[in-house]
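Numbering-wise (the working numbering), the sequence shown opens with residue 8 and increments by one.
Ideal Cβ positions, reconstructed from N, Cα and C, are used throughout, including at glycine.
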Amino acid sequence: MSVQKVQQRFTVPGLTSRKAAGGDPIVCLTSYHAHTARLIDPYVDVLLVGDSLGMVMYGMESTLGVTLDMMIAHGAAVVRGSERALVVVDMPFGTYEESPEVAFRNAARIIKETGCQAVKLEGGQSMSATIAYMH
């Protein structure tokens, strides 16, 4: 009988403590589907499902047309294709700017429906109240 070793996924606290301790650099690559995730998972700490998938996968002119449903579908595929990397899914434009409550509801949906470990939003200081609310 063979015993398969289960690899634990990287976590945000694990990567934070590694960075604070001056450990190895954190390696992050972008993936939009299970196949790429499976190929690069052994070599990266973080897999980012970026809203750039609208331009790369769908030929859009910008990321503005990317929907929450698109991010969830691709995020779930990357989670299924990976075993050890921490999977981060971008929150597309229009899904978090209205209020901290709307941002939380959409982030919760992404995490619940994809199984990802984190979400990413853009905005810097202007989004600090939303980030604090979601934390």
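### Query
Below 8 Å, can you find three or more Cβ-Cβ pairs linking the stretch 60–67 to the stretch 104–112?
Between the stretch 60–67 and the stretch 104–112, the count of Cβ pairs shorter than 8 Å is below three; the stretches do not touch.
### Message
With a threshold of 8 Å on Cβ separation, who are the neighbours of P49 within its own chain once the five nearest residues in sequence on each side are excluded?
### Response
Within the same chain, P49 has close Cβ partners R91.
### Query
Whose C-alpha, out of T74, V73, V96 and G72, is nearest the C-alpha of A83?
The residue with the shortest Cα to Cα distance from A83 is V96.
### Message
Per the DSSP calculation, K127 is bridged to which residue(s)?
### Response
K127 is bridged to D97.
### C-alpha gap between R87 and Y39, whole angstroms
The straight-line gap from Cα to Cα measures roughly 12 Å.
#### Entry: Endpoints, the alpha helix (DSSP H) within which T23 is located
For T23, the enclosing alpha helix (DSSP H) has its first and last residue at V19 to A27.
### Query
If we call anything under 7 Å between Cβ atoms a contact, is V85 one with V53?
Not closer than 7 Å, so no.
### Buried versus exposed call for L60 [16 or more other C-beta atoms within 10 Å across all chains shown]
Classification for L60: buried.
### Task
Whole angstroms is fine: what's the gap from D31's alpha carbon to Q15's?
Between the alpha carbons of D31 and Q15 lies a distance of about 18 Å.
### Task
Express the C-alpha separation of M77 and Y103 in angstroms, rounding to a whole number.
Near 16 Å, if we compare the C-alpha coordinates of M77 and Y103.
### Task
To the nearest angstrom, report how far apart P99 and L75 are at their CA atoms.
Roughly 6 Å between the two C-alpha positions.
### Query
Identify the residues that DSSP records as bridge partners of T137: which are they?
Assignment of beta-bridge partners to T137 by DSSP yields no partner.
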